[in-house]
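Visitor:
In the UniProt record's numbering, the protein residues as written are 1 to 269.
In structure tokens, the structure reads:
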């Protein structure tokens, strides 16, 4: 049986590749088996039934969830647009805000603690574990990892080491300037190249938007993550698409457009 950690890691991989997928859940007694269908094929090798694979294609075509019973097994097939996955390490107010804001912008968010996670409080996370050792199974080169314990916790250092060891794509650390420097020194003492750490680590993580509250800090952190993923500049849109450059043409009637057909990408939650 595929573990929840392996499933989230596979979800991270296919999401980073940009393919539309179908998540299949099969309820067998008290157990739920999960698989991911990509381009008509099972990613985890759980779904082998031809009827289920055909239904997966139908789900993508029609863009709707299908629930049915096949050979006595309840099967739920859900179409999913590619979306970023984020692994948050922490259990405090900012970690909770990262889950909330991450959900609001359509990201899959996993929460990892070390015996300090209140699962009821973090029930809206896509994946929850109270065992820091699971981070070893979750993180690979496609992962976005944010270590977000305000004030810091002893396991932050181990979490940072794991993220660096597995070459996570983005590693963010919530820390003061001094604490970040001390943790960087700890990584070097543990055998990781200083240049590699400095190149990989985003700390203090977040953009300078004057954030004060937990929600604002989470917003600033995820804004930096989004900027990294999209390879964006982080500049105000007024600078990127300055309307002042076109005002003269508008005044002289050479521009008459008052609306456009653009629509934002929507992640179906």
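Yeah, the Cβ is synthetic: ideal placement off N, Cα and C, and Gly gets one too.
Remember, it's a predicted structure, so these values are computed and weren't measured experimentally.
Quick one, which of 218, 234, 37 has its alpha-carbon nearest residue 97's?
Guide: Nearest option by C-alpha distance: 218.
Visitor: Compare the C-alpha of residue 167 against each of 138, 225, 108 and name the closest.
Guide: Out of 138, 225, 108, 138 has the C-alpha closest to the C-alpha of residue 167.
Visitor: Based on the DSSP secondary-structure assignment, which residues constitute the bridge partners of residue 26?
Guide: DSSP, once it has assigned bridges, lists 33, 75 as partnering residue 26.
Visitor: In chain order, what residues of the same chain lie with their CB nearer than 7 Å to the CB of residue 121, ignoring the 5 residues before and after it?
Guide: Here the set comprises 96.
Visitor: Taking the straight line between their C-alpha atoms, what separation do you get for residue 129 and residue 200?
Guide: So the two alpha carbons sit approximately 25 Å from each other.
Visitor: Going by DSSP, what residue range makes up the alpha helix (DSSP H) through residue 61?
Guide: Residues 50–62.
Visitor: Grab me the residues of residue 214's own chain with a C-beta within less than 6 Å of its C-beta, minus the 5 sequence neighbours each way, in chain order.
Guide: Once the five neighbours on either side are set aside, the close Cβ partners of residue 214 are 93, 94, 97.
Visitor: Here's a check: name, in chain order, each residue in its chain whose Cβ is nearer than 8 Å to the Cβ of residue 269, leaving out the five neighbours to either side.
Guide: With a pLDDT of 45 at residue 269, under the threshold of 50, the modelled position of that residue is not reliable, and the figure given next carries that caveat. The residues are 103, 106.
Visitor: Figure out for me which residue from 69, 63, 132, 178 has the closest Cα to the Cα of residue 160.
Guide: The option with the nearest alpha carbon to residue 160 is 132.
Visitor: Checking the sheet assignment: what are the DSSP bridge partners for residue 41?
Guide: Its beta-bridge partners are 38.
Visitor: My output table needs one value for residue 213: the three-state DSSP class, helix, strand or coil.
Guide: Residue 213: coil per DSSP, three-state reduction.
Visitor: Are residue 73 and residue 66 closer than 8 Å when you measure CB to CB?
Guide: In this structure, residue 66 does not lie closer than 8 Å to residue 73 by Cβ.
Visitor: Using the C-alpha atoms, what's the distance from residue 134 back to residue 5?
Guide: Their Cα atoms are separated by approximately 7 Å.
Visitor: Based on DSSP bridge pairs, tell me the residues matched to residue 108.
Guide: For residue 108, which the question treats as bridged, DSSP gives the partners 85.
Visitor: Quick check on this structure: which residue in 25, 90, 223, 254 has the alpha carbon closest to the alpha carbon of residue 155?
Guide: Comparing Cα positions, the closest option is 90.
Visitor: Quick one: Cα of residue 232 to Cα of residue 208, how far?
Guide: Roughly 16 Å between the two C-alpha positions.
Visitor: Can you give the beta carbon distance from residue 165 to residue 142, rounded, assuming they're within the 8 Å contact cut?
Guide: The pair is not a contact, with the Cβ atoms about 15 Å apart (cut-off 8 Å).
Visitor: Would you say residue 206 and residue 221 are within 8 Å of each other, going by their C-beta atoms?
Guide: Going by C-beta atoms, residue 206 is nearer than 8 Å to residue 221.
Visitor: Can you check which of these residues, 247, 250, 24, is closest to residue 52 by C-alpha distance?
Guide: Cα-wise, what sits closest to residue 52 is 24.
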